[in-house]
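Student: The structure under discussion is supplied below as structure tokens; questions concerning it will follow.
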């Protein structure tokens, strides 16, 4: 039987991949990669950049791509069989990369390259890749010996298992909950959400309306349901997911404790004071203290605005809604009602003008105008019928390709993300250019009946955000493995292109083009857009404090010696310091904080706000020169998107903006100047 994970085709045949393919493919590819590593560190391969690349890069890239497919399917098409295959092979994958990243013989060869006269002849991209390699060897334990190295490798295996377990528990806890509501209970909830809930119940042969904790089902209830008890039921279920307050087999408490303990041990082995220092080593920010100061300074700037937000909300809830004591499950509902009263529109009203097909046309037009490319639908095997495939071209040549998986469904992890299916690379084996391919994944509502899927404005910005990541990955002109596209970009700068794209969602000329009422086809009225614009910074102070809260919590978890035993206490202390809105004592939001326990943002959550400073300042250049100015777009493309990770992010920013970044634009954009 042909194994699709071993096929040397440019695109994976996702429809053919089965759980039983995973282990044979990974075993075969690991054998090739291990043999290549043994050869690379042997006497036959000199300490020469090209020689090492020729031996190692091809088998390691094949392994990475195949495992990337398995990992991707585990996120978007989870089944018990696939989960078991993933769990069986994860330790083997982790062991290989840990072995390669800590091999002192390979490290010695890279150090010899860096010390040789030939290093000066390397291209800038290769010099950057070499510098990253040396740094990553140090962070990968290559300087360790004996028992310390053995322990370090064991830590990597165990932490990978724990991160996967955390993620599985969140998914399982989200999937496990269902509430079958009556039509009366759903008073106030938008008709399309009610219809989808009814269809979900009917599909199970049940009465009522199936509500779940997946965001397209959960959040509209929190925003619009007049029934306070229903909101409390869903909120309680949502904030206690994967905790000791639910099923024991899905409780993430012990997982978090062990992960934090092992991260602290890893840091000590590498000679760092704490895990935050390890995390910051490859980032723009220099020290945990610098990050803590940045976050607390931002909190101080946002606090007056946040206090006014909350006072307005409480006064409105008491006088207009009869809610004299605002509870956590009232906030989204009261906020939506206040927004409707103050600005006379609702998210639901806007949603009718944002059908997904029209939105995509508008998004593609912006990208084509600014970045001098064309985007065309193309054919490729996919993992679900709702997934679409597109090709990006310039002057008839393929620049990149992407899969778009827009809709929520069972077995698909919540949230939105971009991931690499394949990186741009001038292949060392064939000297042919490999163009990049991206996965763009969201969790929007599905079409209902003959109507297209409709997006809220928040979902519109989510789509633009993820597409920004995709452009960073796909428009790169760097040919060197490890620093093309998003690879090698500092984590706290990698959100710049994604947050940058969100700004288009607040431009009238853009919105007019990408909107069309689901029934009449009319574009969004200017009067409604003006109301949205007036409401843009609605509760921005509170939202900023919430992001600062997450960032401080994350950084303290990874700097304080006793954090593993004080997760809930540290969260309470951070809330006491910066939050204004009281949270119920049963809330267990840390237990589903996948960003830091399963998503690569450990001691890095601050980077969302850090990158917002960069993206807002970059956007201000377009405000000054024209939002759809091709010349500004060309400069942004060349200095930010095409440069990838081939130089420090601050250099790319200064090449585009002509100066150091400033916080002024962020404060102005968020109404806090």
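In my numbering, the protein residues as written are 64 to 736.
C-beta atoms are modelled at their ideal positions from N, C-alpha and C, and glycine is treated no differently.
Could you name the residues that DSSP lists as bridge partners for residue 438?
Tutor: Per DSSP, 455.
Student: Please give me, in chain order, every unbroken run of the alpha helix (DSSP H) with length at least 4 that falls completely inside the segment 618 to 657.
Tutor: Counting whole runs of 4 or more residues, the segment 618 to 657 contains the alpha helix (DSSP H) stretches 630 to 641.
Student: Between which residues of its own chain and residue 438 is the CB-CB distance below 6 angstroms, once the five residues before and five after are set aside?
Tutor: The answer, listed in chain order, is 427, 453 and 455.
Student: To the nearest angstrom, how far is it from the Cα of residue 191 to the Cα of residue 546?
Tutor: Each residue's alpha carbon lies about 8 angstroms from the other.
Student: Going by Cα to Cα distance, which pick from 617, 699 and 735 is closest to residue 337?
Tutor: Here the closest residue by C-alpha is 617.
Student: Below 7 angstroms CB to CB, which residues in the same chain sit around residue 425 once its five sequence neighbours on both sides are set aside?
Tutor: Same-chain partners within the cutoff: 573, 576 and 577.
Student: Return the residue from the list 654, 487 and 558 that minimises the CA-CA distance to residue 671.
Tutor: Minimum Cα distance to residue 671 is reached at 558.
Student: Mapping DSSP to helix, strand and coil, what is residue 446?
Tutor: Coil.
Student: So, for residue 480: in the same chain, excluding its five sequence neighbours on each side, which residues have a beta-carbon less than 6 angstroms away from its beta-carbon?
Tutor: Excluding sequence neighbours, residue 480 sits near 504.
Student: In whole angstroms, what separates the C-alpha of residue 585 from that of residue 404?
Tutor: When rounded, the distance between both Cα atoms is 24 angstroms.
Student: Grab the span of the alpha helix (DSSP H) containing residue 529 for me, first residue to last.
Tutor: Residues 520 to 537.
Student: Verify whether the separation of the beta carbon atoms of residue 229 and residue 165 is less than 9 angstroms.
Tutor: Contact flag unset, no.
Student: Tell me whether residue 180 sits in a helix, a strand or coil according to DSSP, three-state version.
Tutor: Helix.
Student: Which of the three DSSP states is assigned to residue 464 in this structure?
Tutor: Reduced to three states, the DSSP call for residue 464 is strand.
Student: Cutting at 8 angstroms between CB atoms, please list the residues of its own chain near residue 117, excluding the five before and the five after it.
Tutor: Hits under 8 angstroms: 491 and 492.
Student: Please list, in chain order, all residues of the same chain as residue 496 whose beta carbon is under 8 angstroms from its beta carbon, the five residues on each side excluded.
Tutor: Only 487, 488, 489, 490 and 542 meet the Cβ criterion.
Student: Run the CB neighbour count on residue 649, radius 10 Å, all protein chains shown included, and call it buried at 16 or more, exposed below.
Tutor: It counts as exposed.
Student: Taking the alpha carbon of residue 395 as the point to measure from, which residue in 99, 681 and 286 has its own alpha carbon closest?
Tutor: If we check each option's Cα against that of residue 395, 286 comes out closest.
Student: What residues match up with residue 488 in a beta bridge as DSSP calls it?
Tutor: 497, per the DSSP bridge assignment.
Student: Would you list, in sequence order, the uninterrupted alpha helix (DSSP H) runs of no fewer than 4 residues that lie entirely inside the segment 108 to 196?
Tutor: Qualifying alpha helix (DSSP H) stretches, in chain order: 112 to 139, 143 to 164 and 167 to 178.
Student: Taking just the CA atoms, how far does residue 265 sit from residue 473?
Tutor: Distance between the alpha carbons of residue 473 and residue 265: 15 angstroms.
Student: So, are the CB atoms of residue 718 and residue 682 less than 9 angstroms apart?
Tutor: Against a cut-off of 9 angstroms, the Cβ pair of residue 682 and residue 718 comes out as no contact.
Student: Flag residue 289 as yes if its beta-carbon sits less than 9 angstroms from any beta-carbon of chain D, otherwise no.
Tutor: Protein chain content of the structure displayed is limited to a single chain, and chain D is not contained in it.
Student: Residue ranges of each alpha helix (DSSP H) run of no fewer than 4 residues wholly in the segment 683 to 727, ordered along the chain?
Tutor: Qualifying alpha helix (DSSP H) stretches, in chain order: 693 to 699 and 712 to 720.
Student: Note down the Cα distance separating residue 348 from residue 659, rounded to an integer number of angstroms.
Tutor: So the alpha carbons of these two residues sit roughly 17 angstroms apart.
Student: The alpha helix (DSSP H) that contains residue 406, what's its start and end?
Tutor: Residue 406 -> alpha helix (DSSP H) spans 394 to 406.
Student: Pick helix, strand or coil for residue 243, following the three-state DSSP scheme.
Tutor: Correct three-state label for residue 243: strand.
Student: DSSP state of residue 613, grouped into three classes?
Tutor: Reduced to three states, the DSSP call for residue 613 is helix.
Student: Just verifying my parser: in three-state terms, what is the DSSP assignment at residue 511?
Tutor: Strand.
Student: State whether the segment 681 to 696 contacts the segment 362 to 377, with contact taken as three or more CB pairs (one from each stretch) at a distance under 8 angstroms.
Tutor: At 8 angstroms Cβ cutoff, the stretches do not touch.
Student: Classify residue 597 as buried or exposed, calling it buried when 16 or more other Cβ atoms lie within 10 Å of its own Cβ.
Tutor: Residue 597 is exposed by the Cβ-count criterion.
Student: So the candidates are 342, 278, 263 and 435; which of them puts its Cα closest to the Cα of residue 511?
Tutor: The shortest Cα separation from residue 511 among 342, 278, 263 and 435 belongs to 263.
Student: Can you tell me which residues form a DSSP beta bridge with residue 272?
Tutor: Beta-bridge pairing links residue 272 to 244.
Student: Taking all protein chains shown into account, do 16 or more other C-beta atoms lie within 10 angstroms of the C-beta of residue 205, making it buried, or fewer, making it exposed?
Tutor: Under this definition residue 205 is a buried residue.
Student: Distance check for residue 195 and residue 178, CA to CA, integer angstroms please.
Tutor: One C-alpha to the other measures close to 15 angstroms.
Student: Determine, using beta carbons only, whether residue 379 and residue 397 come nearer to each other than 9 angstroms.
Tutor: Result yes, Cβ atoms of residue 379 and residue 397 sit closer than 9 angstroms.
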